[in-house]
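Let me begin by presenting the structure, written as structure tokens, before commenting on it.
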Amino acid sequence: MPDDLLRPTIGAGVNMAVRPWRLMSQAYVAFFGGVLASTVVAYLNSGRLGVDAGRRRLILLTGLAGQLGVIGVFLALYDDASGVTYGLRLSLRVTAVLCCLVQLRLQRPMDRAFQLRGADYGSLWGVGIAATIGGAIVEILILFLVTVVL
1 MPDDLLRPTI
11 GAGVNMAVRP
21 WRLMSQAYVA
31 FFGGVLASTV
41 VAYLNSGRLG
51 VDAGRRRLIL
61 LTGLAGQLGV
71 IGVFLALYDD
81 ASGVTYGLRL
91 SLRVTAVLCC
101 LVQLRLQRPM
111 DRAFQLRGAD
121 YGSLWGVGIA
131 ATIGGAIVEI
141 LILFLVTVVL
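Laid out in structure tokens, this is it:
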């Protein structure tokens, strides 16, 4: 009869075949790709980590709030007449990284559990580059639409 005390519980309910990505690697995606790219990677990684559905929804809501913040910062700093963007790029990156930090915080408990399993992390290179390019393009299109509408 197996002893319940010795049964592993850290990996319970998590697909061990799919390896999550390092949390701090997601900050690079946020810095270069923006809020949307960061949110996509954080949401996918939270599924790999086995984060509960409530926290995964919070990751999406954080991304939505971050994107609204990006639009707000854009509207505050963009000058229609001259097209000058004083500190706009830096402000958008800061907004994306702040949003990413909240998303990382939501993933952290399950990431610590993953670390206790002793498994290796997966590579974020392919997905990270794709999310960075795709997220940056979509964010530029959204900001372009905001300038056209206003």
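Numbering-wise, full-length UniProt numbering puts 144 at position 144 of the sequence shown, and it's gapless, one number per residue. Idealized CB from N, CA, C, for every residue including glycine. Just so we're clear, the structure is a prediction, and the values are computed from it rather than from any experiment.
Query                                                                                                                                              : Result
How many Å lie between A131 and A37 at the Cα?                                                                                                     : 5 Å
Can L104 and L23 be called in contact, C-beta distance under 7 Å?                                                                                  : yes
Within its chain, find whatever has a CB closer than 6 Å to the CB of V70; leave out the 5 residues flanking it on each side and keep chain order. : V35, L92 and T95
If you compare alpha carbons, which of L64, D111 and I59 is closest to V102?                                                                       : I59
Between V40 and A136, what straight-line distance do the alpha-carbon atoms span, to the nearest angstrom?                                         : 12 Å
Three-state secondary structure (DSSP) at Y78?                                                                                                     : strand
Using the Cβ count rule (16 or more neighbours within 10 Å means buried), how would you classify F114?                                             : buried
Please list the terminal residues of the continuous alpha helix (DSSP H) segment that includes G134.                                               : W125 to V149
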